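Chemist: If you're matching positions, the sequence shown starts at 99 in our numbering and goes up one per residue. Below is a structure I'd like to ask you about.
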Amino acid sequence: MQTIMRKAVAITGTMVMLFGLSGCLGASIRVPADQAFALSASALSGSDNYAFTGEMAVINPGGKVGSRASYEGEVSDHGNLKVQWKNLSTTSESTARTNRIDYRPLQILETINGQTATISYSEKPIASQPVSLQIQLDEKTAKERISSGLKKEMALVRADSVLVGRHPERSEEILTAADKRLERMLSTLKATTVVHWKANPKNWFPYQMKEETVLSYEWQGKPYQEKRTAETNFLVRNQGGTIK
99 MQTIMRKAVA
109 ITGTMVMLFG
119 LSGCLGASIR
129 VPADQAFALS
139 ASALSGSDNY
149 AFTGEMAVIN
159 PGGKVGSRAS
169 YEGEVSDHGN
179 LKVQWKNLST
189 TSESTARTNR
199 IDYRPLQILE
209 TINGQTATIS
219 YSEKPIASQP
229 VSLQIQLDEK
239 TAKERISSGL
249 KKEMALVRAD
259 SVLVGRHPER
269 SEEILTAADK
279 RLERMLSTLK
289 ATTVVHWKAN
299 PKNWFPYQMK
309 EETVLSYEWQ
319 GKPYQEKRTA
329 ETNFLVRNQG
339 GTIK
């Protein structure tokens, strides 16, 4: 996340010079939406200490919630991230393990930039109201984000010495077959990801990030569609560590 955040900081500095501002940057100034997001992302990365809470849900092809979990975390010292999952509800233990490993609440911020996403205002900026942005990842980026997570999960399974070590030859046969099924599925995968972002109009610090990702794919010759939703709420901490 630090790479994109550093770019956002550079953009913020340029905007300050252009508009001759000091102190807080107000959203009443109508900057382009992509620059507004850069300012808000910069405010987040520039914060020494903040916390967040949220909930993630995976909706299965049949429309039922396959798993749901809440999380809370904090970032300190400009990047020391801690996340704790709780209240995990899932239809299977394997699904629970996959979702907890595969989903990182702030990971999507590594992906968003002017080349990978279309950023627009979802509401006309008003000084007294939160800044509301809509961010749509391009299809290639959205697919790669999901594909990368699934491949990392498969690599973790292969690296599980307890799982693989008992029957290595049989385990390798099963894992090789699973790799092939995964590759066939990924070749048919289509993904769309939309993020709704709200920020403080006075200092650009984000209030909330809502993500919705829809997946369409074929599994063993049958078409499926599922959806993942996540809502993250950001909380500022003061120097004493209390939440404001």
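Note that the Cβ used here is the ideal one computed from N, Cα and C, for glycine as well. Values in this document were obtained by computation on a predicted structure and should not be read as measured data.
Is it buried or exposed for T291, if we count other Cβ within 10 angstroms and need 16 for buried?
Modeler: buried
Chemist: Taking DSSP's pairing of strands, which residues face P304 in a bridge?
Modeler: A297
Chemist: Helix, strand or coil: which one does DSSP assign to K222?
Modeler: coil
Chemist: For P130, is the classification buried or exposed, using 16 other Cβ atoms within 10 angstroms of its Cβ as the cut-off for buried?
Modeler: exposed
Chemist: May I ask you to report which of helix, strand or coil DSSP gives T209?
Modeler: coil
Chemist: How is the alpha helix (DSSP H) around P266 delimited, first residue to last?
Modeler: P266 to T286 is the extent of the alpha helix (DSSP H) around P266.
Chemist: Take S140 as the anchor and find which of F332, E324, V312 and F303 has the nearest alpha-carbon.
Modeler: F303
Chemist: Count the other C-beta atoms from every protein chain shown that fall within 10 angstroms of the C-beta of R264, then say buried if there are 16 or more, exposed otherwise.
Modeler: exposed
Chemist: Below 8 Å, how does it come out for the region 277-293 and the region 226-242: are there three or more Cβ pairs, yes or no?
Modeler: Yes, they touch.
Chemist: Exposed or buried, E309, counting other C-beta atoms within 10 Å across all chains shown (16 or more means buried)?
Modeler: buried
Chemist: Which residues does DSSP pair with M154 in a beta bridge?
Modeler: Looking at the DSSP assignment, M154 forms a beta bridge with A167 and A328.
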